[in-house]
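Following the numbering used here, the numbering of the sequence shown begins with 22 at its first residue and continues without gaps.
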Amino acid sequence: MNMTLSIKEIQAPIADEMKAFEQKFRQFMKSEVMLLDQIMNYIVRRKGKQLRPMFVFLSAGVCGNISESTYRGGAMIELLHTATLVHDDVVDDSNYRRGFFSVNALWKNKIAVLVGDYLLSRGLLLSVDHEEFKILKIVSTAVRELSEGELLQIEKARRLDINEEVYYEIIRQKTASLIASCCAVGASSVGAAKEVVDKMHAFGEKVGMAFQIKDDLFDYGEDEIGKPLGIDIKEKKMTLPLIYALNHAPWLEKRRIINIIRNESHKPNKVSEVIAFVKDSGGLRYAQEVMERYVKEALALLNEFADSPHRRSLEQLVQYTIERSK
């Protein structure tokens, strides 16, 4: 595979739709309340790479003809997902999100929570007003899974002793369920049969698992850019390379590393010690293999669909998610 294509190139088959989506999304976000409108404008302006809408539109294109329903599905995912992010920042008391000030940093927690509620209800009404019940079910299920995954992680994180199975369950709910719902919504929006929608959901879930493992690998500085080194360790987050390394370490060593994470993860030299431990234990190599396995399974599902520019772009997007440098 050649060097990863740029997002712009991958977007080619849906470039017009993505442009139209931006306009429609702005319309969906409009509010009569000036404060809300200000905040909505701020949120719309901060859009990142727009991977989620891309998954929706490309999946729709693979399964049929992109329709008004696809735009609504894409908007619902963005609305509900943004709501969870706004609430997340309040819970984490976080002042930044990807280099931008978070809503709660610029306004106040109370406003941020209300904005999250507003986004949630906008998403629900958008579907109810147009009787998009199938899509509503897919997206609402994803939001339920996001919350469950987050809570499961909080419950398990205290013990710092989770096995791979629990880890997969957490990331399936926290990360993979969102990409899975993008792909399922895309398929559903063009009237695909239930088994096709399910297949796209399974495809998206596998991509999401690979996506999260790639994120885990960034913590060990495999690339010089991306997030700061060891941030997951500082936040006591259990990542796949670390879980593998701990589960294959002698008992004393395991206890020593857990102790560092629990009590000394604020010291840079101690974090470096954990990173070295994981690298020496083959944790990175293992995580890389697991990630590649998920990608292979995802592409195998995708290859069951007819070849088309949309399918090729979706393949490239999968490649992009695991070759990205941040």
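Ideal Cβ placement from N, Cα and C applies to all residues, glycine included.
Distance check between Ala321 and each of Glu336, Leu146 and Pro262 places Glu336 closest, using alpha-carbon atoms only. Within the stretch 293–333, the complete alpha helix (DSSP H) runs of at least 4 residues fall at 304–323.
About 6 Å separates the CB atoms of Leu338 and Leu79; that is less than 8 Å, so the two are in contact.
For Val111, same chain residues with a beta-carbon under 7 Å away, outside a window of 5 residues either side, are Asn125, Asn130, Ala133 and Val134 in chain order. The criterion of a C-beta distance shorter than 8 Å is satisfied by Ile200 and Val228. For Asp182, the three-state secondary structure derived from DSSP is coil. When DSSP states are grouped into helix, strand and coil, Met50 belongs to the helix group.
Taking a C-beta distance under 8 Å as the contact criterion, Ala213 and Leu147 do not qualify as a contact pair. Counting along the chain, the unbroken alpha helix (DSSP H) around Met75 starts and ends at Leu72 to Cys84.
For Leu147, the enclosing alpha helix (DSSP H) begins and ends at Asn130 to Asp150. Counting along the chain, Pro271 sits inside no alpha helix (DSSP H), nor does DSSP assign it H or E at all. A distance of 8 Å or more separates the beta carbons of Ser52 and Ser210. Bounds of the alpha helix (DSSP H) holding Glu216 are Lys215 to Phe239. Taking the C-beta atoms as reference points, Ile343 is found nearer than 8 Å to Met312. Look at Leu57 here: in three-state DSSP terms it is helix.
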